[in-house]
Ligand SMILES: Nc1nc2c(ncn2[C@@H]2O[C@H](COP(=O)(O)OP(=O)(O)OP(=O)(O)O)[C@@H](O)[C@H]2O)c(=O)[nH]1
Ligand SMILES: [Mg+2]
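In UniProt numbering, the protein residues as written are 1 to 216.
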């Protein structure tokens with residue numbers, strides 16, 4: 001979902017949160033959208049979303065961030081969740097090795113269900129629990145490089161890098177969208193057909209007359 005509209009905002013970007021249950025997706029979302037954190041949050045059931053508007057390169061960008069359960073049995077239908085998403089924050093817990101091992105599984109799911117141009121950031125959450133660390137930042141950095149993802153360690157509890165993670169995703173999406181818009185403009189001006197030209201197209205059954213519908 002990357003619409004350009006006239007009023008409240010210039011762009012609306014849909015971003016999905018993914019990762020195993022308990023890694024802190026819902027708290028990352030509440031930290032970013034409401035500046036709230038809950039130590040005893042319950043597992044998400046189904047889908048929730050929240051929004052926040054920020055400025056990117058002088059444009060007003062509304063981020064619509066979707067959150068679902070990491071647990072398979074509570075998850076909403078996958079294809080609907082990913083539909084229209086232009087960004088993804090893939091979260092693991094730095095204190096739980098398994099959540100990092102499962103990153104490959106989440107990447108596969110993105111590959112299967114999301115747009116192939118989706119911007120992905122890997123986030124190692126709970127960086128405040130460094131004494132319990134089970135995933136080194138080097139391991140995560142290497143994986144991120146191999147899979148061409150951006151990477152940050154975050155802490156929803158300490159509000160560390162949460163803002164930066166979303167800002168980076170939104171900026172990267174904005175860069176892609178504005179480059180695409182420029183390329184489209186350039187190719188449109190290169191292939192413009194003059195107004196109202198009548199083109200005669202012959203086929204087997206005779207001559208079909210087609211009016212050019214180019215309006216530029
Ligand atoms: N220490 C610490 N705890 C965190 C952090 N982020 C989340 N938690 C805790 O981790 C637990 C799970 O957080 P959630 O945000 O509910 O996890 P989730 O990924 O949304 O889980 P599901 O909805 O089941 O997929 C909660 O007890 C949170 O308080 C963090 O940055 N640091
Ligand atoms: Mg949740």
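Virtual Cβ for every residue (Gly too), placed ideally from N, Cα, C.
None of the values given here were measured: they were computed from a predicted structure.
Ranked by how close their Cα comes to the Cα of residue 14, the residues 170, 74 and 92 have 170 in first place. Look at residue 64 here: in three-state DSSP terms it is strand.
Uninterrupted beta strand (DSSP E) stretches at least 3 residues long and entirely within the segment 118–163 occur at 119–125 and 150–153, given in chain order.
Excluding residues up to 5 positions away in sequence, 21 and 43 lie with their Cβ nearer than 7 Å to the Cβ of residue 71 in the same chain. The DSSP-derived three-state label of residue 103 is helix. Around the beta carbon of residue 19, a 10 Å sphere encloses 16 or more other beta carbons of the protein chains shown; the residue is thus reported as buried. Two segments are said to touch when three or more pairs of C-beta atoms, one from each, lie closer than 8 Å; by this definition the segment 31–51 does not touch the segment 127–140. Across the structure, residue 94 and residue 184 are spaced so that their CA atoms are roughly 42 Å apart. Ranked by Cα distance from residue 103, the options 92, 113, 24 and 96 are led by 92. In this structure, residue 149 lies away from residue 110, with their beta-carbon atoms at least 8 Å apart.
Distances from the CB of residue 139 to the heavy atoms of ligand 2 are all 7 Å or more. In the three-state scheme derived from DSSP, where H, G and I count as helix and E and B as strand, residue 71 is classed as coil. Sixteen is the threshold: since fewer than 16 other Cβ atoms of the shown chains lie within 10 Å of the Cβ of residue 79, the residue is exposed.
Around the CB of residue 158, fewer than 16 other CB atoms lie within 10 Å, so the residue is classed as exposed.
Between ligand 1 and the CB of residue 69, the shortest heavy atom gap is smaller than 7 Å.
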